[in-house]
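In the working numbering, the protein residues as written are 423 to 600.
First up is the structure itself, then whatever we jot down about it.
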């Protein structure tokens, strides 16, 4: 007895369900990444603003002191304003990138109190958000694999045979089908 092979079969999810599953998985991954990106931009702008204000204070103090060079004002003075080394927006973005990547080169760092408070908050918040992003990615991948294992993501099979029920006849028929 010869059983005909099925030419093609596809398990179907209800209409739109597969796309909905993909959207949920993508949303689980994208949401924390977008939040971290906007946190990165906001922190860069805040530190830039604080450091620009610090530069204006430093310049005013420098001119008012009558000093001829920067070392004359800063040397030996703990309360004197320090010259900020984040003077352009690209410096602030570089500082945020290095801090977010936990590299911390130290070539650019905030000098003003506001910049340092913002930097401290950014570092602590970044640690939390990186954990959230990584756990979100892991959760999305695990959910997708679970749905795939349950056969809920759909399959695309060709030239296959489905044997329903197991008996002594199935044991003989399967080698003939293969």
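We treat Cβ as the ideally placed atom computed from N, Cα and C, and that holds for glycine.
Small disclaimer: the values here were computed from a predicted structure and weren't measured.
At a cut-off of 4 residues, the continuous stretches assigned as alpha helix (DSSP H) that sit fully inside the region 511 to 537 are 511 to 522. Close CB contacts of residue 462 within its chain, under the 7 Å cut and outside five residues either way in sequence, are with 518 and 522 (chain order).
Measuring C-alpha to C-alpha distances from residue 534 to each of 580, 473, 444 and 570 identifies 473 as the nearest. Looking from the CA of residue 477, the closest CA among 450, 532, 566 and 539 belongs to 532.
The beta carbon of residue 530 is closer than 7 Å to those of 507, 508, 513, 516 and 517 in its chain, skipping five residues each way along the sequence. The straight-line gap separating the alpha-carbon atoms of residue 566 and residue 457 is approximately 23 Å. The three-state secondary structure of residue 588, taken from DSSP, is coil.
In this structure, the CA atom of residue 465 is about 7 Å from the CA atom of residue 540. A direct Cα-Cα distance of roughly 18 Å separates residue 443 from residue 454.
Residue 562 holds the alpha-carbon nearest to the alpha-carbon of residue 445 among 570, 568, 562 and 590.
Residue 575 carries a coil assignment under DSSP once its states are collapsed to helix, strand and coil.
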